[in-house]
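Visitor: Here my numbering is used: the first residue of the sequence shown is 1255, the next is one more, and so on. Positions of the beta carbon are idealized from the N, C-alpha and C atoms, including for glycine. Quick caveat, the model's predicted, so the values are computed rather than measured.
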Amino acid sequence: MLVEKVKKAASKDLIIPVEEIIPRGYAEYLVRVMEANMATGGPCGVREVYGLTARQIGALNVEEHRCFDRACLCGGDGLGKQRGLSDHACLSSQSGPAGFDLRASTLFYMLARRERSNFTYICCCASFLY
């Protein structure tokens, strides 16, 4: 789905509503899973799930090159990092996170827009989740 969003984007910059990537019900389920598996007992909520997802999107690579030059959450105003806000500031907005504020790298944007692009997800490190 993420590749399709980049493929259809008019530019390398795009904002994708959080629920298009992780629907609210699934995010709530992930909160329960994370709470059950967290040793620290730190705060965990839907915002943290979306924040973790943004960090994982930011860590995606194609042939050892980052897929995204920017991957963060943006607040209800839809501007996020464009206003210089940190992820924490975006997450603290009253309207909550509205979307993933992404800037595809030039390489990934070119590859995603190719007619016959084929991507395979390979997970290298399960410990990245925490």
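Compare the Cα-Cα distances from A1352 to each of R1370, S1371, L1327, N1372 and report the closest residue.
Guide: That would be L1327, whose Cα lies nearest to the Cα of A1352.
Visitor: Taking the beta carbon of T1360 as the centre, do at least 16 other beta carbons fall within 10 Å, making it buried, or is it exposed?
Guide: Exposed, by the Cβ-count rule.
Visitor: Helix, strand or coil for I1275? Go by DSSP, reduced to three states.
Guide: I1275 falls in the helix class under three-state DSSP.
Visitor: To the nearest whole angstrom, what separates the beta carbons of K1266 and R1367, a pair I think is in contact under 8 Å?
Guide: That belief does not hold up - the Cβ atoms of K1266 and R1367 are roughly 10 Å apart, past 8 Å.
Visitor: So, does the CB of A1308 fall closer than 9 Å to a CB anywhere in chain C?
Guide: Among the chains of the structure shown, chain C does not appear; only one protein chain is present.
Visitor: Exposed or buried, what is A1325 when buried is set at 16 or more other beta-carbons lying within 10 Å of its beta-carbon?
Guide: Looking at its Cβ environment, which holds 16 or more other Cβ atoms inside 10 Å, A1325 is buried.
Visitor: Go ahead and label V1287 buried or exposed: buried means 16 or more other beta carbons lie within 10 angstroms of its beta carbon, across all protein chains shown.
Guide: Flag for V1287 reads exposed.
Visitor: Just to confirm my understanding: we take R1357, look at its own chain, exclude 5 residues before and 5 after, and list those with CB closer than 7 Å. What are they?
Guide: Excluding sequence neighbours, R1357 sits near K1266, D1267, F1322, D1323, R1324.
Visitor: Output the distance between the C-alpha atoms of G1279 and I1270, rounded to the nearest integer angstrom.
Guide: If I take the Cα positions, the gap works out to 17 Å.
Visitor: Where DSSP assigns a beta bridge to R1324, which residues make up the other side?
Guide: Its beta-bridge partners are R1357.
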